[in-house]
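The next block holds one structure in the form of structure tokens; read it before the comments.
Chains as they are written, first to last, in our numbering: chain A, 1 to 230; chain B, 1 to 230.
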């Protein structure tokens with residue numbers, strides 16, 4: 001008694017839209033593109049395209065991202081499928097949102113070749129086409145949940161980073177100010193950082209120690225999960 | 001530079017498949033249906049159907065569930081979209097999986113009217129059609145994550161339940177034996193249970209106290225989240 005009947009009219013286009021979060025040591029950003037066709041030509045949009053016959057959704061997300069930005073080897077995760085009737089006024093389209101986290105500095109060379117992409121601070125992002133703002137919110141909620149239950153930063157920070165940068169990242173994701181001492185204690189108790197014998201001298205005379213993630217311990221914590229209380 | 005070009009051939013059928021978890025005070029179960037058409041006629045399947053033109057996915061999930069089982073007012077949550085090429089050999093179909101949690105006893109009257117549905121213990125569930133076993137695994141992983149980060153039980157247990165039933169539920173979801181004293185302490189520390197002045201006399205001479213969830217505190221914990229360490 002599964003419903004077997006369907007009408008060909010019920011067939012839909014399946015789109016994939018990519019929410020690319022980046023961090024530039026200060027702010028959480030999102031990669032957007034200016035739409036160059038109607039409807040909503042000229043407005044800002046997530047990076048997207050359509051699923052084709054010979055690929056699954058994961059493959060489509062990677063292909064679309066690579067084709068439009070040059071990015072490759074990016075870990076993407078399916079977030080949610082958006083299906084409001086008339087979300088795309090031109091034609092019934094269901095869109096599956098994917099998200100990725102990248103370190104902006106590490107990827108900017110690839111991205112600069114591709115126009116007209118632009119990084120926007122999440123706080124100052126423009127109104128997007130269709131339900132794309134809703135997609136960003138949903139991905140942001142996922143990112144926040146992830147940050148509270150697993151370590152985060154590996155994909156978003158440069159290989160070597162200061163405690164201040166790590167704290168800035170958490171503050172950006174959780175959208176809240178964190179107490180410095182509490183944050184440091186909390187993070188040290190996770191035991192996933194390696195303190196380097198090297199300093200970042202760019203922000204003060206005294207300099208700030210640089211850290212790396214201990215990749216093995218980091219990955220173990222990702223699997224085990226924790227509750228990062230603020 | 002969003003990819004605007006697509007071919008009508010790329011249009012797909014969008015199915016919705018429902019993973020209905022139930023608990024009968026002892027075991028975690030799943031509601032299945034025997035498929036009565038080809039391909040895979042006679043095999044067991046999740047409850048499913050196709051998205052139609054005038055509804056979004058949430059509405060489709062509720063409509064399909066209600067039409068096939070009589071169940072209504074059930075809270076369903078989107079889990080994931082499955083898109084392997086040829087997952088349905090008859091036609092390219094992408095399926096969005098939804099899951100729901102229900103107390104079997106509370107709903108069996110509605111369900112019995114509808115055939116040929118059957119509850120299977122998760123442990124003894126048959127091989128399902130297509131990628132439905134994979135869908136169940138994914139929903140099960142979601143349920144497990146949920147049980148570790150938020151209280152669970154409100155939808156799955158009868159209104160009044162014993163500590164033993166609550167523990168059985170957690171053991172079924174987490175697929176592990178739990179120490180009774182630790183479990184009770186852990187749960188009491190959450191402060192979401194109301195101990196009733198009433199006993200369940202069915203399982204021992206002495207009887208076992210019945211509990212209810214304090215709905216307000218329960219919902220606050222659902223929002224706040226926690227880390228239920230085993």
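Beta carbons are placed, not taken as given, at the ideal position from N, Cα and C, and that holds for glycine. Owing to the predicted nature of the structure, the values given are computational and were not obtained by experimental measurement.
If the cut is a Cβ gap below 8 Å, which residues of chain A does residue 78/B touch? 80, 81
Contact check, residue 191/A vs residue 217/A under 8 Å by CB: the rounded distance? 6 Å
Among 28/A, 17/A, 94/A, which has the Cα closest to the Cα of residue 262/A? No answer is possible for residue 262/A: it lies beyond the span of chain A, which begins at 1 and ends at 230.
Any beta carbon of chain A sitting closer than 8 Å to that of residue 85/B? Chain A, which has a Cβ nearer than 8 Å to the Cβ of residue 85/B, makes this yes.
Bridge partners of residue 153/A, per DSSP? Beta-bridge pairing links residue 153/A to no other residue.
What residues match up with residue 200/A in a beta bridge as DSSP calls it? Residue pairing for residue 200/A: DSSP places it in a beta bridge opposite 208/A.
Using DSSP with H/G/I as helix, E/B as strand and the rest coil, what is residue 2/A? With a pLDDT of 49 at residue 2/A, under the threshold of 50, the modelled position of that residue is not reliable, and the figure given next carries that caveat. Coil, per DSSP.
Just grab the DSSP bridge partners of residue 34/B for me. 44/B
Beta-carbon separation of residue 99/A and residue 21/A under 8 Å? yes
Just list the residues that DSSP pairs residue 93/A with in beta bridges. 13/A
For the stretch 6-28 of chain B, list every residue whose C-beta sits within 7 Å of some C-beta in chain A, in sequence order. 6, 9, 10, 11, 12, 13, 14
Give the DSSP-derived three-state secondary structure of residue 224/B in the structure shown. Of the three classes helix, strand and coil, the one that applies to residue 224/B here is helix, per DSSP.
Once the 5 residues before and after residue 107/B are set aside, which same chain residues still bring their CB inside 8 Å of it? The answer, listed in chain order, is 22, 71.
Alpha carbons only, please: which of 167/B, 41/B, 12/B, 202/B is nearest the one belonging to residue 179/B? 167/B
My guess is that residue 14/B and residue 12/A are in contact by the Cβ rule of under 8 Å, so how many angstroms apart are they, rounded? So it is a contact: roughly 5 Å between Cβ atoms.
Tell me the DSSP bridge mates of residue 78/B? 98/B.
Which residue marks the beginning of the alpha helix (DSSP H) containing residue 189/A, and which one marks its end? DSSP places residue 189/A inside the alpha helix (DSSP H), whose first and last residues are 180-190.
What is the rounded straight-line gap between the Cα of residue 37/B and the Cα of residue 51/B? 19 Å
In chain order, what residues of the stretch 90-106 of chain A put their CB closer than 8 Å to some CB of chain E? Absent from the structure: chain E. Protein chains present are A and B.
Do you know whose CA, among 164/B, 189/B, 208/B, lies nearest residue 27/B's CA? Closest option to residue 27/B, Cα to Cα, is 164/B.
Name, please, each residue of chain B whose Cβ falls closer than 9 Å to the Cβ of residue 52/A. Within 9 Å of the CB of residue 52/A, the CB atoms of chain B belong to 6, 7, 9, 10, in sequence order along the chain.
Does any C-beta atom of chain A lie closer than 8 Å to the C-beta of residue 149/B? yes
Can you tell me the Cβ-Cβ gap for residue 35/B and residue 41/B, rounded? I've got them flagged as a contact below 8 Å. Contact between residue 35/B and residue 41/B holds, with the beta-carbon distance rounding to 6 Å and staying under 8 Å.
Alpha carbon to alpha carbon, how far is residue 128/A from residue 32/A? Rounded to whole angstroms, residue 128/A and residue 32/A show a C-alpha spacing of 9 Å.
By DSSP, does residue 104/A sit in helix, in strand, or in coil? The answer is helix: DSSP assigns residue 104/A an H, G or I state.
Residues near residue 61/A in its chain [Cβ-Cβ closer than 7 Å; skip 5 each side]: 16, 18, 76, 98
Less than 8 Å between CB atoms is the rule here; does residue 55/B satisfy it with respect to chain A? yes
Residue environment, residue 92/A, which counts as buried when at least 16 other CB atoms sit within 10 Å: buried
Cross-strand partners of residue 23/B (DSSP beta bridge): 28/B, 103/B
For a test of the three-state rule: what should DSSP assign to residue 138/B, helix, strand or coil? Correct three-state label for residue 138/B: helix.
Check each residue of the stretch 182-201 of chain B: if its Cβ is closer than 9 Å to any Cβ of chain A, include it; give the result in chain order. none
Express the C-alpha separation of residue 211/B and residue 182/B in angstroms, rounding to a whole number. Approximately 18 Å between the Cα atoms of the pair.
Three-state secondary structure (DSSP) of residue 162/B: strand
Chain-ordered residues of the stretch 154-170 of chain A with a beta carbon less than 8 Å from chain B: none
Only counting the same chain, and skipping five residues up and downstream in sequence, which positions put a Cβ closer than 7 Å to that of residue 188/A? none
Using Cβ-Cβ distances below 8 Å, what residues of the stretch 217-230 of chain B are close to chain A? Within the stretch 217-230 of chain B, the qualifying residues are 225, 226, 227.
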